[in-house]
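According to the working numbering, the sequence shown is numbered sequentially starting from 3.
For glycine and all other residues, C-beta sits at the position ideal for the given N, C-alpha and C.
Working notes, structure below.
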Amino acid sequence: QVQLVESGGGLVQDGGSLRLSCAASGSIFSINVMGWYRQAPGKQRELVATITSGGSTNYADSVKGRFTISRDNAKNTVYLQMNTLKPEDTAVYYCNAYRKFTTIMYWGQGTQVTVSS
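Below, the structure is given as structure tokens:
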């Protein structure tokens, strides 16, 4: 089992910045990709960004150039730096971890990000 604990959400004004953190514990060896998804009210959960154990990253088009995902392997922590936030970024952000080509997948409890206009 892997436990994921998110932190760093909150309320910010249009154009502001936030940094989310996701600390992983437990059977870390069982995962090789970590990332962030988000779900706005009335919408489906969507990919925001992922990062592999080797450092390869992938971003949703809507956040490219504004968000940066990174990881600290020594701390088993993934970060999401969010700049130039927009009201449409408002959502619950979930940390995700999985092992490629398997059904092994874990989710955090979610953290609310609200961007006011």
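Query: 8 Å contact criterion, which A87 and V14 should meet: CB distance rounded; Result: The sequence given here places Leu at residue 87; Ala does not occur at that position. About 6 Å; that satisfies the 8 Å criterion.
Query: Per DSSP, the bridge partner or partners of A2; Result: With the chain running from 3 to 119 in the structure shown, residue 2 is simply not present.
Query: Residue range of the beta strand (DSSP E) that includes A51; Result: E48 to T54
Query: Nearest candidate by alpha-carbon position, reference L49, set D63, N78, G56 and T79; Result: D63
Query: Residue nearest to Q83 in terms of C-alpha spacing, selected from S23, A76 and A42; Result: S23
Query: Outcome for E90 when other beta-carbon atoms lying within 10 angstroms are tallied against a minimum of 16; Result: exposed
Query: Any chain C beta carbon closer than 7 Å to S29; Result: Among the protein chains of the structure shown there is no chain C, as only one such chain exists.
Query: Spatial distance of T116 from I71 (CA atoms); Result: 19 Å
Query: Counterpart residues of G28 in DSSP-defined beta bridges; Result: V4
Query: Coarse secondary structure for D16, derived from DSSP in three states; Result: coil
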